[in-house]
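Chains as they are written, first to last, in my numbering: chain F, 1 to 896; chain X, 897 to 1006.
We put the beta carbon where it would ideally sit given N, CA and C, even for glycine.
Note that the structure is a prediction, hence the values are computed from the model and not measured.
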Amino acid sequence: MTPADRLRRLVRLPARAHTIRADVDAEIAFHLEATERELVARGMPAVDAAREARRRFGNVEEVRHMLGLLGQTEASAQRWGQWWKGVVHDMARSTRTLRREPSFVAVVAITLALGMGANATMFRVVDRLLLRPAPHVRDDGSLSLLYFQRETTEFGRVTSSSQSYPAFDRLRDTRGAFADVAGWWATDASLGAGADARRVHINFVTPNFLPLLGVSAYRGRFFTAEEWEVQPVPTAVVTHAFAERELGGAAAAIGTVLPIEGTTYTVIGVSPPGFVGAVMRESEIFLPMATGVGGSIGKEWRSNLNVRWLRIVARRAHGVSSAQAGAAASMALQHFGRWNKKSDSLATVIAGSIIPARAPDGAPQGRIALWLGAVSILLLLVACANVANLLLARTLRRRREIAVHLALGVSGGRVTRALIAETLMLGVIAGTLALGVALWSDALLRKTLLRNVAWDSGQVDLRLSLFVAALVVVVSVIAGLVPAIVAARTPVMDALKSGIRDGGSRRTGIRYALIIVQGTLSVVLLVGAGLFVHSFSRARSLDLGFAPDGLIFVQPQLGGIANSAQDFDQRMERIEARLRSLPGVLGVTQSVTTPFESQWDKGIMVSGDQLLPPLKGGGPYVNAVSNDYFTVMGSPVLKGRAFTNGDANGSPRVAVVTETMARVLWPGKNALGECFRIEKEAGCVSVVGIAKDQRINAISDVPPAQFYQPLRQWNPDMRVLFVRARSTDASMQAALRRAMLLETPTAPYVDVRPMTQIVGDQLRAWQLGAAMFGLFGVLGLAVAAVGLYSVIAHDVAQRSHEIGVRMALGARREDVVGLVMRGGLRQAAAGLVLGLAISWAVSTRVADLLFETSPREPLIYMGVALLLLFVAVVASLVPARRAARVDPVEVLRDAG
Amino acid sequence: MPRDPLDLLQGTLDVLILKTLTWGPKHGYAVAQWLRETTSDEFSVEDGALYTALHRMEHRRWLAAEWGVNEENRRVKLYTLTADGRKELRARTALWSRYVSAVQRVLGPA
């Protein structure tokens, strides 16, 4: 054998491509030569022999090519085999090494799991809300949700998503823009009656709604074109969840009968599991629009131009872009508006994305989700920086071991690969934990950010697993790369020499940089937390103008219980009396509108002037109330008087106005005794009292101008009740509900809710921001604190020799403690300054998510600074004190 | 009278090569020579097909190959039978016997 062959046999390396080819050529050449020689020996001339040899061989080129391919397949299989063996070997080694350091593994795994878990959760949210349409909606790029934008003088640009039915009809005919247009109206209704009644979420839909979205029936069938008109047998389609929960399964649901708001529907079909409609709102039943809408919108719903209630989804015609469709529809709508003299129909139609969270003038949920996503990425970076630091410290601890490997001839690349394998293993452990974190926080999110959103079941699906796997790889690389490279470049001779104790100043530089990065990120998160917590507390401590604690809202279902206005009033008085008689009830009042839920505005004229000054916040709003409204609600009359029994039907018309209305309409004057006219009504209404302002639109809106009229002088048949009671718990609510049922036994479900719940819904956005930022901020701070502690502790361990020398030369304990702590505080201070600077610069971008809080509120920044310094002091203190307890004699003796 | 050489039945070449190598390691040319002599040139085998079979069986680990040097100091690739190759040979030989005796039973004594 040649030396090359001998070596190759010894080492068994896979051959390179050109070697393979050369070998094949040599083998074939030898054969041809041998054949030639044999033929020549038998007497053939040389030239003929060569030709004959090739002829006998067959197709030389083809065989050479085939053998080459075979050889290469063999070689690459060998290479893969070796690589794979190397990987398995690394994994086994990593497991052995890591098993010896359980606390290190725990700290790293938990740190990374928190960061990755937060990201996995936000990924699910962002994916569900912003990247995908509602479940089962078949989006081939041609579906659009329609939105309507108008420029108004008071509010600027207003975007709404509802239209009137006649406008919808007109849009259906828009030639060239849409292939099909469908509408829906999402509302709640009562299923059943009396004591068994319950609230269900329903969608009234046009019959083409479900096919337009590309949904096919899971069982049974969907609506046909006949259902554009009222059918003798009203039909219904239920969601899969509803069928499973209430009707005994999808198969059993077909043919069952559902009494909803007085009409009996027969179930004809079940939608696929997970489908809830075009938007992500909880839905249980789909009903044909023609059958049920009249009860709520009014009998003239098909021709009523004044009420905008219908939401519209459209499939654009082939080849038509959103912009083109929007333009064509806008023209049609404006023509319609001018023809019908409805100026508020002069809107621009936007054919928006089928993904609901991507509405123009975006829905807050989408924006909050994005911000939280960014925050969780920050958190992950902090976690990675921390872990990188820990890994780097560990690498430095093992310098001697690594140096031995390098000296024995293991390549730097192999060392790096082995360390990355360890980091990957840690990453995999963390990733598994992260999935658990994601599932847990999924449940948390469903109760907070995604309360009214229809959310898929909290199971680990493929997209999430892929995302977490990708995270594991990315995180392992980020966290593990620097330590691995540092390990590979360990100066061999230095590390093998005994007696060297320092940590290596260059390495320490990297570690300090990482600490500063962590500190910066933590500060940014904490400032965010501070801003949102402040917003939330400001929102909570707002003076609402009424006292929600102890107040319960009752919405009676009064449809059809009275034949005349008088009858109605009498029944309402009886209901009031019955509720008042319940134990624990302190007061009951009737009202027409409800703060945050319903508002009614009327045009008025102040005597002398034809025009009103522009009213901020709209209005003026009107409410008709019983006499004790002001005491029950806690909106006391500040000047003048409340209503009495003397303000009856024939008596002079009176009103109580709010402070804002008094101030705006009669500036500088005493409003009591002043007079105003309500549009379309004769005679003057005089002001007899001035009451406290109420916040009635949104909690962040300034209280608008509002006035009250006594129910005896204006009694629309829209009515709610407010009950002030000693307690607002479930038993009180049940008692109220029972009392209501006694008065109206055939009524569907009665809505009874504590006022604090209604107010809470208003506060939810800030509550959520405060909770999430607070949580992330605390997590970030904890991770940074652990990081700082570990760096300082490691330093102390490395410098124990130096400290021993110092103490032997006369340094006192306090000096040593001071020395260590100064180092720690310096790093924290650097991170603090950077973090505050970044927050200062970036915080203006969240200004519109805050409430009554300046994004540069100095108190918050100072508070965060103090907190960080405090944490830094504590984190440095423990290792500092341990340093002070170093026995110089021990350390100096150990110098060998 | 020289007869036309027979074409090999499918799969026979493999078992012939395996059997040839039971006589010791050989390079490709030696295998071809041996087969020609032992069968008295009955079969026509393209040398290219032979080498393809050799490489294929090496890939399947029935043969082990090694580069060595022959008497004239030329570099040659020598093929040896492996344990797996021997097993395969035994199996195929048994199969061949069954095949032949079945055919013979049908055709009957000549």
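Runs of beta strand (DSSP E) with 3 or more residues, each lying fully within the stretch 806 to 854 of chain F, are absent. For a Cβ distance threshold of 7 Å, residue set Y925, R970, V972 of chain X lies close to F30/F, ordered along the chain. Closest by C-alpha distance to L310/F, out of I260/F, G255/F, A186/F, is A186/F. Annotated three-state conformation of K639/F is strand, per DSSP.
By the 16-neighbour rule on beta-carbons within 10 angstroms, F242/F is buried. A residue is called buried when at least 16 other Cβ atoms come within 10 angstroms of its Cβ; E61/F does not meet this threshold and is exposed. The contact set of G907/X on chain F, defined by CB atoms closer than 8 Å, is empty, because the minimum CB distance reaches about 18 Å.
Looking at the backbone, the Cα of M821/F and that of S541/F are separated by about 41 Å. Not a single CB atom of chain X sits nearer than 7 Å to the CB of V492/F.
Rounded to the nearest whole angstrom, the C-alpha separation of A765/F and W666/F is 37 Å. In the DSSP assignment, A351/F falls outside any alpha helix (DSSP H) and within the unbroken beta strand (DSSP E) covering 348 to 352. G156/F is bridged by DSSP to T152/F.
Just so you know, the alpha carbons of G249/F and G262/F end up roughly 25 Å apart. The stretch 958 to 977 of chain X makes contact with the stretch 910 to 925 of chain X, as at least three CB pairs between them are under 8 Å. Runs of the beta strand (DSSP E) lying entirely within the stretch 26 to 110 of chain F and spanning at least 3 residues: none are present. The beta carbon of E938/X does not come within 7 Å of any beta carbon belonging to chain F, so the residue lies off that interface. Per the Cβ contact rule, the stretch 780 to 799 of chain F is not in contact with the stretch 561 to 577 of chain F (fewer than 3 Cβ pairs under 8 Å).
Taking a Cβ-Cβ cut-off of 7 Å, D980/X has no neighbours in chain F, whose nearest Cβ is about 16 Å from it.
A225/F counts as exposed, since fewer than 16 other C-beta atoms from the protein chains shown sit within 10 angstroms of its C-beta. Runs of the beta strand (DSSP E) lying entirely within the stretch 745 to 804 of chain F, each at least 3 residues long, are 751 to 754 in chain order.
Per DSSP, the continuous beta strand (DSSP E) segment holding T976/X begins and ends at 971 to 977. Residue environment analysis places R641/F among the exposed positions, since fewer than 16 neighbouring C-beta atoms fall within 10 angstroms of its C-beta. Rounded to whole angstroms, the separation of the alpha carbons of A332/F and R170/F is 7 Å. When V474/F, Q709/F, V527/F, V632/F are compared, the shortest CA-CA separation from M425/F is found for V474/F. Spanning the alpha carbons of R221/F and W600/F requires a straight line of approximately 42 Å.
Distances from the alpha-carbon of L521/F to those of L781/F, A34/F, S411/F put L781/F closest.
V846/F and G117/F have their C-alpha atoms spaced approximately 24 Å apart. Contact of G944/X with chain F by beta-carbon distance below 8 Å involves F57, G58, N59, V60, E62, V63. Taking a cut-off of 8 Å on C-beta distances, the stretch 399 to 415 of chain F does not touch the stretch 137 to 148 of chain F, as fewer than three cross pairs fall below it. Out of V230/F, H335/F, A314/F, I285/F, the CA that lies nearest to the CA of R302/F is found in V230/F. Shown here, K602/F sits in coil according to DSSP, grouped into three states, outside any helix or strand. If you look at H951/X, you'll find it isn't in any beta strand (DSSP E); it sits in the alpha helix (DSSP H) that goes 943 to 955.
With 16 or more other Cβ atoms inside 10 Å of its own Cβ, V524/F counts as buried. Below the 8 Å Cβ cutoff, chain F contributes E27, I28, H31, V63, L67 as neighbours of Y947/X, in chain order. K922/X carries a strand assignment under DSSP once its states are collapsed to helix, strand and coil. In the three-state DSSP reduction, Y861/F falls in the helix class (H, G or I).
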